[in-house]
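Here UniProt numbering is used: position 396 in the sequence shown is 396, and no number is missing along the way. Report on one structure; see the data block that follows.
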Amino acid sequence: MSATGPASSRPAWLTGPLAWMAANPVAANLLMLVLLIGGWIIGSGVKQEVFPEFDADIVTIDIAYPGASPEEVEQGVILAVEDAVRSIDGVKTVESSSYEGAGVVIAEIVTGSNANKITSDIKNAVDRITSFPEDAERPITSLIAIKAKVISLILHGETDLATLRELAERARTDLLNRNDITEVVLTNAPPREISIEVPSSALHAYGLSLPEIADRIQAYAVELPGGAIRTEGGEVLVRLDERRKFADEFLDIPLRTSRDGSVLTLGDIAELRDGFSDNSYLKTTFNGRPAVTLEVFRVGEQTPISVSAAVREYADTLNQRLPEGLAADTVYDDSEFYEDRINLLLRNGFLGFVLVIVLLTLFLEPRLAFWVTLGIPISFLGAMLLMPAMDVSFNMISLFGFIVTLGIVVDDAIIVGENIYHQRELGHGRLKAAVLGARSVATPVTFAILTTIVAFSPLLFVPGPAGNFFRVLPAIVICVLLMSLVESLLILPSHLAHSRHPKNTGVEGYLVRIQHRVAAWMERVIEQRYTPVVRWATSHRTIVIALGIAVFVSSIGLVAGGRVKAEFFPNIEADFIFANIQVPYGSNIDRTREVLDEAVSALYATLDEYPDDADIIESVITELGSQPSLSPAYRESNGLGSSHLMSVQVSLSPWETRTVTAQAFSDRWREKVQQIPGVERTNFIYTTGPGAGSDLTIQLKHHDVATLEQAADALVERLQRFSGLSDIDNGYSGGKEQLDITLTPAGKTLGLTAAEVGRQVRGAFFGAEALRQQRGRDEVRVMVRLPEAERAEEATLEELLIRTPAGGLAPLREIAQIERGQAYTTIRRDQGRRVLNVTADVDTNTTQTNDVIAELERDSLPALMDRYIGLEYSFEGANRDEAESSSAIGRGFVLALIGIFVLLAMAFRSYLQPVIVMSAIPFGMVGAIVGHLLLGYKMSFVSLFGIVALSGVVVNDSLVLIDAANRYHREGMSKRDAIIRAGQRRFRPIVLTSLTTFLGLAPMILETSLQARFIIPMAISLGFGILFATVIILLLVPAVFLVIEDLRDWLADRFGGAEHPEQEDELA
1 MSATGPASSR PAWLTGPLAW MAANPVAANL LMLVLLIGGW IIGSGVKQEV FPEFDADIVT
61 IDIAYPGASP EEVEQGVILA VEDAVRSIDG VKTVESSSYE GAGVVIAEIV TGSNANKITS
121 DIKNAVDRIT SFPEDAERPI TSLIAIKAKV ISLILHGETD LATLRELAER ARTDLLNRND
181 ITEVVLTNAP PREISIEVPS SALHAYGLSL PEIADRIQAY AVELPGGAIR TEGGEVLVRL
241 DERRKFADEF LDIPLRTSRD GSVLTLGDIA ELRDGFSDNS YLKTTFNGRP AVTLEVFRVG
301 EQTPISVSAA VREYADTLNQ RLPEGLAADT VYDDSEFYED RINLLLRNGF LGFVLVIVLL
361 TLFLEPRLAF WVTLGIPISF LGAMLLMPAM DVSFNMISLF GFIVTLGIVV DDAIIVGENI
421 YHQRELGHGR LKAAVLGARS VATPVTFAIL TTIVAFSPLL FVPGPAGNFF RVLPAIVICV
481 LLMSLVESLL ILPSHLAHSR HPKNTGVEGY LVRIQHRVAA WMERVIEQRY TPVVRWATSH
541 RTIVIALGIA VFVSSIGLVA GGRVKAEFFP NIEADFIFAN IQVPYGSNID RTREVLDEAV
601 SALYATLDEY PDDADIIESV ITELGSQPSL SPAYRESNGL GSSHLMSVQV SLSPWETRTV
661 TAQAFSDRWR EKVQQIPGVE RTNFIYTTGP GAGSDLTIQL KHHDVATLEQ AADALVERLQ
721 RFSGLSDIDN GYSGGKEQLD ITLTPAGKTL GLTAAEVGRQ VRGAFFGAEA LRQQRGRDEV
781 RVMVRLPEAE RAEEATLEEL LIRTPAGGLA PLREIAQIER GQAYTTIRRD QGRRVLNVTA
841 DVDTNTTQTN DVIAELERDS LPALMDRYIG LEYSFEGANR DEAESSSAIG RGFVLALIGI
901 FVLLAMAFRS YLQPVIVMSA IPFGMVGAIV GHLLLGYKMS FVSLFGIVAL SGVVVNDSLV
961 LIDAANRYHR EGMSKRDAII RAGQRRFRPI VLTSLTTFLG LAPMILETSL QARFIIPMAI
1021 SLGFGILFAT VIILLLVPAV FLVIEDLRDW LADRFGGAEH PEQEDELA
C-alpha cells in the first residue's frame, strides 16, 4: 500500500504526525532547511561580546560638591537624597559614601522589579529636592549597566598636558566619525578652566571682594538672544554677543570707574591663566611619559573585533602623522581576550564534536551515525533562531552552553535512532521501523527532554551578579534541547526511513565491518560482563543500596572535610596587575609622587628577581591622585583627584609566555611596596571575571563613629592572625586637618551670616565660579580666587577681608572664631546608619574563605559585639552574593527535583516509580566531587551549576531504563527479569549517551588555559557526574527498582489495591 494513499486505507502504524513526517521526506527536509538557513541568518546578526552585559539592579545617584569636606557632603546632600530614595517602592537597600568633593547614593532594586520605572521614580524624587547647597552640582541618576569597554588608546609623549589634551580631543572626534565606533570617553583628564587670581593686596587697595569680581565677570561675559526684527526682506535675529572664550579676552572687563573717568580693569589687578583645574592632582603616565587615555566602548550590535580593529588602524595612521616625541598606543584590548577565548571554546567544541562522531560511528552503522550527528548542527542553528527572543548574545558563557549540550543534544537522537535500528533488526522495513521505533520512545524522549529543561530552568532565576552572569547558559541549553526534540522526532525518522542500505565496499563498507565488530564486542560485554553483575546486584539489592549510600556519604565528606576545597568563584588570573596604593589622607602631593616613583622602582626590582621572565612587562601606566575604582562623581568633581591616592597598572605578557604567575609576582611586589615609608594601605588586583574583588567584606554598624573605628581596628587585629589573608583594610583612615569657622557675636552684629562668610572664604581658597561655558566639547569654568602662594598660608585665612552688608571690610579673625579639627576621609552609610567595611583578600590555595567566616562568626564577632554594645555586623560584597546565590540555587535545585518528580509521576502514573528514576541524581554528585578531586579543581558556584544541570541528564537514562522494564513486565516477565532485560536492552544507548556527553566535554575538561578555569568546574561536574551515574543507573537503579516494587507489593497486600493498576507504569 502506498504511503500516500487515502488515510482510511493506511495501516494503523502509518497514522499520526510522527508517521506523516517520517513518510514525507520533503516536509522533513524543508523543516531542516528552515532551522539551518534561518538559524545561520539570525545567528550572523546576534550581538557579540566577551561576557554577558546586564543591568545590575543598582541605581546610583552621583553628586559632585566641589571643595566640600566629606561631612559637608553628607550633611548637605547625601542625607536628603537618602530620605528621598528610601521612600520609593521597589528599592531594597540604600547605601551611600561621602568623599571630599563628591558623594554617591547606591540604591539596590528588588529583583524582578521594573528597573527603568524605579530609576525614573528615583530621579524624579531627587530632582524635587530644593535644599542642596548652591555650589553642589546637579545629581546624576543612572541605572548601572555593565559597559563593554573594548580597548584603550593612550596618547603620550614629553610635552605639556594641554598639547596632549588637544591631541586627545581631536583623536576622539576622529574616532567618533568612524561608522564602527560610537562611544569614546576621555578619562582622568582634569577639566578645562580659566583661572583668575587676584592678590589680597589688590582687593584691599581697591575695596573689592572675590565674589564681587565674579559677579562683574558674569555681567560682562554674556551671550543673550535679543529676539527678532521682522522686516520686509524677512526676519532678522538680534543677539547680544559679549561671550569671551579665552583668558586674554577677559582682561578688559571693567571693575571700577574713578571720578576722572579712568577705568580699573581685570587685567590691571589679576593674573589670568587658561589651562586646567587648579584643584586637580591628576597626572597619568605611560611607560614614564605624560599621557592621556581614551577608552573606547562597544555599543549595540558592534563587535569587539570590529571596534578594536578600527582603533588599531586609527592608531597606526595617527602615529604616522604625529610629531617626533609623541605616540599613540593601544592597551587593554578585550578583542584579543575575546578572540583567544572564543577560539578556545570553538576549538574545544570542534574536538568534542569529532569525538562524538567517532564514537557514534563505532557503535552505530555509518549512515545512522551520520544522521544522528547531523542533529547537532540542526539543533544548534535552530537554537540561534530563538537567541534574539531570549536576549542572548554570543559570548564565552553562551558558547560554553553550546558545548555543554554537545553531548546531551544527541542523547534523544541516539535513543530514537538506536530504537529504529533495533526495529530493523527485528525485520521491519525502513519506513515501518522508523515509525515504530520513533513512536515507541516518543513519550520517554519527550519527558526526558522536559526533565532536563526543568533541571536547567531554576538557573535562569539565580539573583545577583553571578546569576546575571550565567543566566545565558541555561537559556542556550533550553533552546538547543527544544530544537533537539523537534529534530529527533520529526526530522531524524524521515532521514532514516529513506536512507539507502549501507554499502559493503569502500570506506563505508570498512566502517560497517568495524561497527559490526564493535557491536559484537558490545554484545559480549553485555552477556559476559554486565549480565552476571546486574543479576548479583538484583539478588543482593540491600547490600548494593547500602554500598551506594556509603559512597555518597563518603564523597560529601571529601568536601566537608576539606579534601576537596571549595570557593565561591574560581580566581582567574589576569594578564595584568593593578596596584592601588594610599598614603595618609591630606599628604602633600609631592610626597605622594615620590611614593609612586618608589612603587614603580619596586616593580622593576621585583622583575629583576625573575631573570627568565625579563620581558613579561609590556607596559606600565601610573595614575597620580586617582584610582580606577573611584566613583564617577568623585572623578568628575571640580576638585578632581586626591593627594593621597595613586595606582600602578602593569600589563603582562600572556601567561603562556611566562613562567611566573601574576599572583606570585604580585605578592613579591606587594611586599616591597608595603615597606615604602608612608604607605598606609594597598590593594593588589591580579584576577579577572566574576570572581574578582575583595574576598572578604565585613560591614560593621554603630551609631557612634569612634566606637566603629575601635571595633574595626580590633577586627583587623584578629584578621591579621589568619594565614593566607592580605590587603587587610579597616575601612577608614585619619582625615585631613580641618579649620572650623564659627561666627562671633561681633560678626553677627555687623549683619554677617554664616552662608555669606562661607561663600567669601570658599571663593578665596577654592574659587568663586564666575561662569561656565561650552568650548567645543569641553565645559570651561571661569574661577576667581587668591594666588596659589597666598592659598598655601594659614595666615591668609585669618587676614582674609570679609565684605560686610554695609560695604565695609573686616578681617576674618575679627568676626569669626577659627578652631583646628580633623575631617573624615570617607563617610559610609547603610540604611541610614554609618558603617565601616573591613576587607581582606584570601589566598584560597592555603586558606578557605568559608573557614575564616565560620571562625569569625563562632568566636571573634560575638566577642566584638559583647565588647562594643550596640555593634552590628554583616557580610557584604562577594560574601553576600555567595550566600544569596547559593541559597537561590539550593531552592532552585529543590524546585527542579519537585518539577522532575511531577513530570515523572504523570508519565508513569505512579508516585513511587519517579523515586526510582531520581535515585540516580545524588550519585551523579559523587562523580562530580571525585572529578574535582582527581583533576585538582575546587568546588565552586560554577560547579553547582553543573550539578543542577546533571540532575536532568541523569534522569534521562534512568527514565529510559525504567520505561523498558515496565514494558517487559507488562509483556509477562517477572519484575526482576524485566529490569535485567531492560538493562541488557538499554545498555548500549545508556553507555553511548553517557560517553557522548563526556566526550563532548572532555576537551574543555582537559583544557590547560588559565582563562578557561572559571567554566571548567561546570564541565567537570557534568562530565564526570554522568560517567559515574552511568554505573549507578545500570547497577544501583535496578536494585532500587526491585526494592520499591517490593515496597509497593507490601503496601498493596497490607492496605489493598495498587497505584492505578489498570494503567500502571504505562509510559509509551
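C-beta: ideal position from N, C-alpha, C; glycine also.
Using 8 Å as the cut-off, can you tell me whether the stretch 291-306 makes contact with the stretch 160-174, which would need three or more C-beta pairs spanning the two stretches below that distance? yes
Apart from the five residues just before and just after L995, which ones in its own chain have a Cβ nearer than 7 Å to its Cβ? L359
From Y332, L318 and T405, pick the residue whose C-alpha is nearest to that of S308; which is it? Residue Y332 is the option with its Cα nearest to S308.
Does the distance from the CB of F1028 to the CB of I526 come in under 8 Å? no
Name the residue from S488, M1018, R529 and P922 whose alpha carbon lies nearest to the alpha carbon of I1033. P922
Applying the 10 Å Cβ sphere with the 16-neighbour rule, what's the burial state of K117? exposed
Buried or exposed: N879, going by 16 or more other Cβ atoms within 10 Å of its Cβ? buried
The alpha helix (DSSP H) that contains D740, what's its start and end? First-last for D740: E737 to L743, but that is the beta strand (DSSP E), not the alpha helix (DSSP H).
DSSP three-state label for H516, please. helix
Please report the Cβ distance between P133 and Y65, rounded to the nearest whole angstrom; I am assuming they are in contact, meaning their Cβ atoms lie under 8 Å. 7 Å
Fully enclosed by the stretch 273-354, which alpha helix (DSSP H) runs are 4 residues long or longer? 304-321
Spatial neighbours of I616 within its chain, please: CB distance less than 6 Å, with the 5 preceding and 5 following residues excluded, ordered by chain position. Spatial neighbours of I616 in its own chain (CB-CB distance under 6 Å, excluding positions within 5 residues in sequence) are listed in chain order as L652, S653 and R658.
DSSP three-state call for D575: helix, strand or coil? strand
Exposed unless 16 or more other CB atoms sit within 10 angstroms - verdict on G1000: buried
Based on Cα-Cα distance, which residue from M783, F893, A840 and T446 lies nearest to residue 1141? In the structure as shown, the chain starts at 1 and stops at 1068, and residue 1141 therefore has no counterpart that could be examined.
Opposing strand residues paired with R891 [DSSP bridges]: Beta-bridge pairing links R891 to no other residue.
Could you check where the alpha helix (DSSP H) with F380 kicks off and where it finishes? P366 to L386
Per-residue DSSP class, three states only, for V564: coil
The stretch 767-777 in contact with the stretch 203-222 per 3-pair CB rule at 8 Å: yes
Look at the alpha carbon of A12 and the alpha carbon of W20, and state the distance between them as a whole number of angstroms. The alpha-carbon atoms of A12 and W20 are separated by roughly 12 Å.
First and last residue of the alpha helix (DSSP H) that includes Q649? Taken as a continuous stretch (DSSP letters only), Q649 belongs to no alpha helix (DSSP H), being part of the beta strand (DSSP E) at L645 to L652.
8 Å Cβ cutoff, Y421 in contact with chain B: No chain B appears in the structure shown, which is made up of a single protein chain.
Buried or exposed: which applies to A7, given that a residue is buried once 16 or more other Cβ atoms fall within 10 Å of its Cβ? Note that A7 has pLDDT 48, beneath the 50 cutoff, so the model's placement of it is unreliable and the number below is only indicative. A7 is exposed by the Cβ-count criterion.
Output the distance between the C-alpha atoms of V77 and S131, rounded to the nearest integer angstrom. Going by C-alpha positions, V77 is about 8 Å away from S131.
Leaving out five residues on either side along the sequence, give the residues of the same chain with a beta carbon under 8 Å from the beta carbon of L1047. L912
Could you tell me the alpha carbon to alpha carbon distance between N730 and A706, rounded to whole angstroms? 13 Å
What number of angstroms, rounded off, separates the C-alpha of A764 from the C-alpha of A189? 25 Å
Compute the Euclidean distance between the alpha carbons of S631 and V441, then round it to the nearest angstrom. Confidence at S631 is low in this model, with a pLDDT of 47, below 50, so its placement is unreliable and the value that follows should be read with caution. Spanning the two alpha carbons is a distance of roughly 59 Å.
Write down the C-beta distance between V650 and F552 rounded to the nearest angstrom, noting that I regard them as a contact closer than 8 Å. So it is not a contact: roughly 47 Å between Cβ atoms.
From which residue to which residue does the alpha helix (DSSP H) around H156 run? Here H156 belongs to no alpha helix (DSSP H); instead the beta strand (DSSP E) covers K149 to G157.
So, A497 versus A434, is the Cβ gap smaller than 8 Å? yes
Which of the three DSSP states is assigned to N254 in this structure? For clarity, residue 254 is Pro in the given sequence; the question names Asn instead. Three-state result, P254: strand.
Within this structure, are the beta carbons of P1003 and G401 separated by less than 8 Å? no
With the cut-off set at 8 Å, would you say A711 and H702 are in Cβ contact? yes
Residue range of the unbroken beta strand (DSSP E) whose run includes T163: Not the beta strand (DSSP E): T163 falls in the alpha helix (DSSP H), residues L161 to L176.
Check each candidate in T141, R524, G1023 and G807 and name the one with the smallest Cα separation from I929. G1023
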